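Chains as they are written, first to last, in this note's numbering: chain E, 1 to 343; chain S, 344 to 686.
The beta carbon of each residue, even a glycine, is placed where N, CA and C say it ideally should be.
Just so we're clear, the structure is a prediction, and the values are computed from it rather than from any experiment.
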């Protein structure tokens with residue numbers, strides 16, 4: 001039996017639970033691809049699963065758990081019912097399925113329907129920064145909020161991204177400004193995060209630690225049509241609803257658990273849209289849409305419309321993974337952290 | 344000064360407050376049309392305004408208030424900035440603006456941008472049944488929920504309409520089944536309302552006084568993709584969320600005022616969409632979309648795709664208006680009530 005190196009955990013806790021492990025190389029069954037992992041992107045979901053505080057169901061504290069739901073690699077084998085788009089040797093990227101093992105291992109298996117072609121113009125490290133966050137923005141804003149792909153006639157609609165310099169924020173700025181043609185306001189509070197938001201394409205950057213309404217007004221913006229809220233909505237939901245124009249939409253990436261005033265949204269016809277990138281693969285609802293979105297994102301990268309959000313690279317070691325988790329959890333990370341090369 | 348007859352009220356209360364009045368014929372200024380009213384549709388908003396319990400702001404108890412926000416009539420004069428679509432003599436229909444007087448008078452003025460051409464194949468009485476409810480369904484479901492116009496490839500998505508035999512429900516069944524190509528489940532509890540839902544095009548009719556989930560299951564439907572909820576969501580919101588498929592949407596025509604469990608909607612990515620037909624004219628947000636929707640609805644009627652939802656006609660008198668309000672408030676009304684001929 002062929003084996004492989006993995007970075008995993010058998011109990012939940014701080015980064016000290018992470019360790020090296022040896023696993024059998026999995027087989028591509030059903031609609032799966034077997035992928036040789038080249039680089040692994042880090043997301044907040046990794047630390048949430050490591051600590052077992054994820055919103056999407058508790059894991060068992062005994063099995064070997066691998067985190068890492070963002071991958072770029074090479075197709076090694078194709079399952080008998082796999083999507084006909086892929087052949088051995090194809091370079092791919094994908095965000096995976098949180099109901100299965102993450103991809104912190106030399107090989108991984110993934111449902112071919114949620115896999116996209118890696119942008120040819122990016123390295124594996126650069127490509128692994130994109131899938132999870134790009135899917136989140138595309139599903140939440142283009143699909144969930146119904147924002148059309150631009151350019152649009154007339155005055156551009158306005159989007160506010162809370163947490164502009166983070167992983168979702170940094171590809172969100174790009175997609176909403178360059179693909180959807182919106183006027184994008186991003187929030188950031190440190191000089192380096194403000195600069196990063198501007199580099200990603202934000203038209204206006206405001207400080208989320210100060211009065212948002214006053215800062216929008218100072219920039220000639222009376223209200224925004226869309227909000228992409230990357231932080232806990234229990235903190236800021238009512239603040240956001242005061243900024244929204246009639247028929248506006250708020251996309252939340254996290255559940256709203258505290259009571260909120262929904263009645264006040266009625267006369268302005270404001271909608272609340274949830275986005276969780278793992279919904280489709282986890283519940284097996286139109287998973288093929290994720291493959292299609294990633295292929296589209298890949299084409300936009302190769303056309304020069306979108307760029308990687310990679311900022312920090314760490315070695316694919318236990319120490320590198322631990323540092324990446326800590327950096328991700330610090331709340332100070334700018335853009336994306338990717339581990340690699342794998343192996 | 345030319346005067347006209349009107350049916351109005353100068354205090355709030357039961358139908359006994361309604362009385363006949365004489366008013367000057369208004370002038371078509373700005374972007375308005377002056378319309379000779381031929382028929383007036385009755386909606387729940389009329390009784391709410393009569394009693395001053397509308398969600399959209401309290402009125403003053405002294406001025407002459409006219410209700411009636413559904414009208415079919417003939418253009419008598421065109422304001423200097425009016426939409427170029429209209430000429431004197433054109434037959435039109437529209438739902439109006441609740442921030443202005445309703446149209447229970449021989450003449451009324453209306454912003455030309457929210458006016459549509461009356462279906463040529465309908466009488467004024469038949470046409471006045473449609474604007475407010477058709478706009479509500481179109482804005483709430485096609486725009487708000489993002490339901491594409493059909494036919495769609497693959498298995499049809501499923502919509503549940505709570506209150507299928509009412510004014511909104513009866514045009515909702517038609518639009519969602521015949522224009523959007525959805526499988527439509529409507530609720531109704533009396534033999535005559537069940538029959539009316541079927542006549543409007545409902546594929547399945549279930550009883551809202553019994554277990555909805557069990558009845559859906561008995562009809563081979565495991566979940567629905569959209570809900571059009573025409574009743575108070577404080578009564579049934581949590582019941583509805585249990586019926587919704589992942590990525591489903593609930594359209595509410597009334598504000599949600601009680602605390603609801605929004606966290607449980609997260610993993611399934613369920614959105615809450617509000618619809619209030621008066622938002623656009625009241626807040627002057629893209630009012631021209633209402634003219635465009637009504638023109639589209641008119642064409643669909645003349646093509647035989649949609650039909651009037653008129654069921655009850657009353658004379659345009661104080662007594663007729665009072666009876667219409669009482670019938671509308673009874674909760675037993677099927678389809679629409681229209682008053683006319685006016686004058």
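Practice task
Verify the CB distance criterion: does residue 622 (chain S) have a CB-CB separation below 8 Å to chain E?
Solution key: yes
Exercise for the section: Using three-state DSSP, classify residue 530 (chain S) as helix, strand or coil. Expected result: strand
Problem - Per-residue burial, residue 147 (chain E) [other beta carbons within 10 Å of its own, 16 or more giving buried] - result: buried
Practice task
Can you give me, in chain order, the residues of the region 236 to 248 of chain E that have a beta carbon less than 8 Å from any beta carbon in chain S?
Solution key: 245, 246, 247
Practice task
Please compile the residues from chain S whose C-beta is within a distance smaller than 9 Å of the C-beta of residue 255 (chain E).
Solution key: 605, 606, 607, 608, 609, 610
Practice task
Specify, as a first and last residue, the run of the beta strand (DSSP E) that residue 568 (chain S) falls within.
Solution key: 567 to 572
Handout entry: Pick from E:86, E:78, E:29, E:11 that is closest to residue 51 (chain E), judged by C-alpha positions
Key = E:11
Handout entry: Every unbroken alpha helix (DSSP H) inside the region 463 to 495 of chain S [4 residues or more]
Key = 467 to 470, 474 to 480
Practice task
Examine the Cβ distances between the region 194 to 207 of chain E and the region 63 to 72 of chain E and report whether three or more of them are shorter than 8 Å.
Solution key: no
Practice task
In angstroms with no decimal places, state the Cα-to-Cα distance between residue 575 (chain S) and residue 594 (chain S).
Solution key: 12 Å
Exercise for the section: Look at the Cβ atom of residue 272 (chain E), then the Cβ atom of residue 615 (chain S), and state whether they are nearer than 8 Å. Expected result: yes
Practice task
Would you mind giving the Cβ-Cβ distance between residue 592 (chain S) and residue 569 (chain S), rounded to the nearest angstrom? I have them listed as a contact below 8 Å.
Solution key: 5 Å
Problem - Residue from S:461, S:550, S:508, S:562 with nearest C-alpha to residue 526 (chain S) - result: S:562
Practice task
Report, in whole angstroms, the separation of the C-beta atoms of residue 37 (chain E) and residue 103 (chain E), which I expect to be a contact under 8 Å.
Solution key: 5 Å
Problem - When E:82, E:323, E:300, E:76 are compared against residue 88 (chain E), the one with the closest alpha-carbon - result: E:76
Exercise for the section: Please decide whether residue 148 (chain E) counts as near chain S, where near means a Cβ-Cβ distance under 8 Å. Expected result: no
Problem - For residue 379 (chain S), three-class secondary structure by DSSP - result: strand
Practice task
For residue 216 (chain E), return the contacting residues in chain S, with the cut-off set at a CB-CB distance below 8 Å.
Solution key: Simply none; closest approach about 18 Å.
Practice task
Pick helix, strand or coil for residue 335 (chain E), following the three-state DSSP scheme.
Solution key: coil
Handout entry: Stretch pair the region 657 to 673 of chain S + the region 455 to 474 of chain S: three plus CB contacts closer than 8 Å
Key = no
Practice task
Between the Cα of residue 450 (chain S) and those of S:618, S:346, S:583, spot the shortest distance and give me the residue it belongs to.
Solution key: S:346
Practice task
Check the DSSP bridge columns for residue 506 (chain S) and list the partner residues they point to.
Solution key: Bridge partners of residue 506 (chain S): none, in fact.
Exercise for the section: Going by CA-CA distance only, name the one from S:677, S:659, S:550 that's closest to residue 383 (chain S). Expected result: S:659
Handout entry: DSSP-derived helix/strand/coil call for residue 300 (chain E)
Key = helix
Practice task
List the residues that DSSP assigns as beta-bridge partners of residue 436 (chain S).
Solution key: S:415, S:459
Handout entry: Entirely enclosed alpha helix (DSSP H) segments - the region 258 to 334 of chain E, minimum 4 residues
Key = 279 to 283, 288 to 302, 318 to 329
Practice task
Return the CA-CA distance between residue 54 (chain E) and residue 610 (chain S), expressed in angstroms with no decimal places.
Solution key: 11 Å
Practice task
Compare the C-beta of residue 271 (chain E) with all C-beta atoms of chain S and state if any pair is closer than 8 Å.
Solution key: yes
Exercise for the section: Give the straight-line distance between the Cα atoms of residue 504 (chain S) and residue 481 (chain S), rounded to the nearest whole angstrom. Expected result: 14 Å
Handout entry: residue 79 (chain E) vs residue 128 (chain E) beta-carbon contact at 8 Å
Key = no
Exercise for the section: Compare the beta carbon distance of residue 549 (chain S) and residue 566 (chain S) with 8 Å and say whether it is the shorter of the two. Expected result: no
Problem - Alpha-carbon spacing of residue 584 (chain S) relative to residue 618 (chain S), whole angstroms - result: 18 Å
Exercise for the section: Using three-state DSSP, classify residue 246 (chain E) as helix, strand or coil. Expected result: strand
Practice task
State the start and end residues of the unbroken alpha helix (DSSP H) segment that holds residue 349 (chain S).
Solution key: Note, residue 349 (chain S): premise wrong, no alpha helix (DSSP H); beta strand (DSSP E) at 346 to 351.
Exercise for the section: Answer yes or no: do residue 600 (chain S) and residue 577 (chain S) have a C-beta to C-beta separation smaller than 8 Å? Expected result: yes
Handout entry: Counted within 10 angstroms of its Cβ, other Cβ atoms place residue 1 (chain E) as buried (16 or more) or exposed
Key = exposed
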